[in-house]
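Participant:
There are 2 protein chains.
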Amino acid sequence: MRATYREELAAITSGLEQMAHLAESAVGRATTALLDADLQLAETVISSDDRLDQLQRDLEERALAVLARQQPVATELRTVVTALRISADLERSGDLALNLAKLARRRYPDHAVPSELHATVLEMGHVAQRLMAKAADVIATREVKTALELEGDDDAMDDLHRALFRRLMDDRWQHSVEAAVDVTLAGRFYERFADHAVSVAKRVVYLVTGEHADGLPPDLADPGTT
Amino acid sequence: MRATYREELAAITSGLEQMAHLAESAVGRATTALLDADLQLAETVISSDDRLDQLQRDLEERALAVLARQQPVATELRTVVTALRISADLERSGDLALNLAKLARRRYPDHAVPSELHATVLEMGHVAQRLMAKAADVIATREVKTALELEGDDDAMDDLHRALFRRLMDDRWQHSVEAAVDVTLAGRFYERFADHAVSVAKRVVYLVTGEHADGLPPDLADPGTT
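Order-wise, the sequence lines are chains L and C. According to the numbering used here, the first sequence is numbered sequentially starting from -15. According to the numbering used here, the second sequence is numbered sequentially starting from -15.
1) Sort Asp20(L), Gln2(L), Gln158(L) by Cα distance to Leu87(L) and report the nearest one.
2) With 9 Å as the threshold, decide whether the Cβ of Arg187(L) is near any Cβ in chain C.
3) Cutting at 8 Å between CB atoms, please list the residues of its own chain near Gly199(C), excluding the five before and the five after it.
4) Quick check on His110(L): does DSSP put it in helix, strand or coil?
5) Do you know how far the Cα of Val57(C) is from the Cα of Thr(-12)(L)?
6) Please report how far the alpha carbon of Val29(L) lies from the alpha carbon of Ala85(L), in whole angstroms.
7) Please confirm whether Phe149(C) has its beta-carbon closer than 9 Å to some beta-carbon of chain L.
8) From the beta carbon of Gln55(C), is the nearest beta carbon of chain L less than 9 Å away?
9) Go to Val97(L), then tell me how far its alpha helix (DSSP H) extends in each direction, as first and last residue.
10) Taking Cβ positions only, does Met141(C) come closer than 9 Å to chain L?
11) When the Cα of Asp143(L) is compared with those of Val189(L), Arg172(L), Val97(L), which residue comes out closest?
12) By the three-class DSSP mapping on this structure, what secondary structure does Ala21(L) have?
13) Cβ closer than 8 Å: which chain L residues qualify as neighbours of Val161(C)?
14) According to DSSP, simplified to helix, strand and coil, what is Glu195(L)?
15) What would DSSP say about Ser183(L), mapped onto helix, strand or coil?
16) Ile(-4)(L) to Arg53(L), Cα distance in whole Å?
17) Does DSSP put Arg156(C) in a helix, in a strand, or in coil?
18) To test your reading of the DSSP string, which unbroken alpha helix (DSSP H) runs of 4 or more residues are found completely within the stretch -8 to 70 of chain L?
19) Would DSSP call Glu135(L) helix, strand or coil?
20) To the nearest angstrom, how far is it from the Cα of Val105(L) to the Cα of Glu162(C)?
21) Name, going along the chain, the residues of the stretch 10 to 33 of chain L whose beta-carbon falls closer than 7 Å to a beta-carbon of chain D.
22) From the beta carbon of Val192(C), is the nearest beta carbon of chain L less than 9 Å away?
23) Are the CB atoms of Asp33(C) and Asp94(C) within a distance shorter than 9 Å?
24) At the level of alpha carbons, what is the spacing between Leu43(L) and Arg187(L)?
25) Is Ala190(L) helix, strand or coil by DSSP?
26) Where His159(L) and Ala67(C) are concerned, what is the direct C-alpha to C-alpha distance, given to the nearest angstrom?
27) I'd like to know if Ala52(C) contacts chain L, where contact means its C-beta is closer than 9 Å to some C-beta of that chain.
28) In this structure, how does DSSP classify Glu162(L) when only helix, strand and coil are distinguished?
29) For Arg89(C), count neighbouring Cβ atoms within 10 angstroms of its own Cβ and tell me buried if that reaches 16, exposed if not.
30) Quick one: using the 10 Å Cβ neighbour count with 16 as the cut-off for buried, is Ser71(L) buried or exposed?
So, in structure tokens, the structure goes:
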């Protein structure tokens, strides 16, 4: 492999890593904005989504250029195509953080999340950040062991999501239907965000081992509890 | 272009068309299952999702084989990469129809959709089917004019989605929080389904014209009202 080719592949990987860190930061800030009803913080998430979109476009152009110029085959070909897929996962994760920030903005100055669900949503935000931080790590290191851990971490998100729904369905739910709608959507956004982080890890596993992490391609990941 | 190469590209296009028709049928059947609380019909949607997933995997393998064997550049390269993206949109659309069918199954023998929202959800199902039928058409014909129509059609979905939320937020909402959660999720699933159909059309426009349908890449499409 020529040096420029290696450099091009390295630049793609580093772009993906950067996108994952932006998504991680966005979901963290969106969670704080949601829980604190902090409009200003919500606006930073909303305006910074452009950056993630721009990175994705750059990465796409770069990947297409590599395909056209270097005509990769075998592993290198799969690396570039996988990078395209991962960038789509990360761009979409950013959109989900954006959706959370928009929820916060729509209810401002009210809180979108009732206080008794504060701890659950905080934890969902933390799990989402942790998953995306690990996904960034997996992109950089290609460590299959770390990648496989993400599925276990995602179980925590599923548990939290179920706990959220139990509270909603509970007869003691005292809040408006509006609040129920907000919490339903927020739960869905966190769950999908986590799914995309897991999908990133699965794609890396497939790239490295040639085998699907759970016998299924990443795209067959269960779409969630819904 | 050699005959086999042309045939390979044609097979990819025809696979995409088939996927779009399956997604269109799935969302139609899921809507009926949801509105009639028809468990058997819901199960057919749930079990037939495998077919869509299998088609996506076949299409991916085929696209990678074309990239490796034919080393396409310029338009052909973009065609193959666009096909990979479109197949991801269509696979995800199938998942969303699956989610709708699972909603129906979870509430069976009850109806997940309160009767006064029946007409709105029916219309959302119809718009979703129409959008996907047009997307299939755009895949086959590459007609930019038809592709550009999808954005207008999607406005109808946004209007319906807003109408659904207005009913939920209405003080006269007489139903359980559980029903509100179901309707919130169903609305979200239809809206995302429509987004993916529009995304397919935008990708074809970009492929044909080299320009983004609305000055933005498909991946920057607004993630919706939520």
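Don't be surprised by glycine CBs; every beta carbon is placed ideally from N, CA and C.
Facilitator: To lay it out plainly:
1) Your numbering for residue 87(L) matches position 103 in the first sequence. It is Asp20(L).
2) Position 203 of the first sequence, counted from the start, is the residue given in the question as residue 187(L). Closer than 9 Å: no.
3) Taking the first residue of the second sequence as position 1, residue 199(C) is located at position 215. The predicted model places Gly199(C) with a pLDDT of 47, which falls under 50 and marks its position as unreliable; any figure quoted below should be read in that light. Correct list: empty, nothing qualifies.
4) By 1-based counting over the first sequence, the position of residue 110(L) is 126. Residue state, collapsed to three classes: helix.
5) Stepping through the first sequence from its first residue, residue -12(L) is reached at position 4. Stepping through the second sequence from its first residue, residue 57(C) is reached at position 73. Distance between the alpha carbons of Thr(-12)(L) and Val57(C) is about 19 Å.
6) Position 45 of the first sequence, counting from 1, holds the residue named residue 29(L). Position 101 of the first sequence, counting from 1, holds the residue named residue 85(L). Distance between the alpha carbons of Val29(L) and Ala85(L): 6 Å.
7) Within the second sequence, numbered from 1, the residue matching residue 149(C) stands at position 165. Judged by the 9 Å Cβ criterion, Phe149(C) is in contact with chain L.
8) In the second sequence, residue 55(C) corresponds to position 71, counting from 1. At least one chain L Cβ lies under 9 Å of Gln55(C).
9) Here residue 97(L) corresponds to residue number 113 of the first sequence, with the count starting at 1. It is not in any alpha helix (DSSP H) - Val97(L) carries neither H nor E in the DSSP assignment.
10) Position 157 of the second sequence, counted from the start, is the residue given in the question as residue 141(C). No, because no Cβ of chain L sits closer than 9 Å to the Cβ of Met141(C).
11) As a working note, residue 143(L) is residue 159 in the first sequence. Each of Val189(L), Arg172(L), Val97(L) was checked against the Cα of Asp143(L), and the nearest Cα belongs to Arg172(L).
12) Numbered from 1 along the first sequence, position 37 holds the residue referred to as residue 21(L). Reduced to three states, the DSSP call for Ala21(L) is coil.
13) If you number the second sequence from 1, residue 161(C) lands on position 177. Within 8 Å Cβ-Cβ: Leu152, Met153, Trp157, Val161, Ala164.
14) Here residue 195(L) refers to the residue found at position 211 of the first sequence. Residue state, collapsed to three classes: coil.
15) The residue given as residue 183(L) occupies position 199 in the first sequence. Here Ser183(L) sits in helix by DSSP.
16) The residue labelled residue -4(L) in the question sits at position 12 within the first sequence. The residue labelled residue 53(L) in the question sits at position 69 within the first sequence. Rounded to the nearest whole angstrom, the CA to CA distance from Ile(-4)(L) to Arg53(L) is 15 Å.
17) Within the second sequence, the letter at position 172 stands for residue 156(C). If DSSP states are grouped into helix, strand and coil, Arg156(C) belongs with coil.
18) 23 to 54
19) Looking up residue 135(L) in the first sequence gives position 151. Three-state result, Glu135(L): helix.
20) The count along the first sequence starts at 1 and reaches residue 105(L) at position 121. The count along the second sequence starts at 1 and reaches residue 162(C) at position 178. Distance between the alpha carbons of Val105(L) and Glu162(C) is about 19 Å.
21) Note that chain D does not occur in the displayed structure, where the protein chains are L and C.
22) As a working mapping, residue 192(C) is identified with position 208 in the second sequence. Taking Cβ atoms only, chain L never reaches closer than 9 Å to Val192(C), which makes this a no.
23) By 1-based counting over the second sequence, the position of residue 94(C) is 110. By 1-based counting over the second sequence, the position of residue 33(C) is 49. No. Outside cutoff.
24) Here residue 43(L) corresponds to residue number 59 of the first sequence, with the count starting at 1. Here residue 187(L) corresponds to residue number 203 of the first sequence, with the count starting at 1. Approximately 17 Å between the Cα atoms of the pair.
25) In the first sequence, counting from the first residue as 1, residue 190(L) sits at position 206. The sequence as given places Tyr at residue 190(L); Ala does not occur at that position. Reduced to three states, the DSSP call for Tyr190(L) is helix.
26) For this step, residue 159(L) is matched to residue 175 along the first sequence. For this step, residue 67(C) is matched to residue 83 along the second sequence. Approximately 46 Å between the Cα atoms of the pair.
27) Along the second sequence, read from residue 1 onward, the residue named residue 52(C) stands at position 68. Ala52(C) counts as touching chain L.
28) Against the first sequence, residue 162(L) aligns to sequence position 178. Glu162(L) falls in the helix class under three-state DSSP.
29) Here residue 89(C) is taken as the residue at index 105 of the second sequence, counted from 1. Per the 10 Å Cβ criterion, buried.
30) Position 87 of the first sequence, counted from the first residue, corresponds to residue 71(L). With 16 or more Cβ atoms within 10 Å of its Cβ, Ser71(L) is classed as buried.
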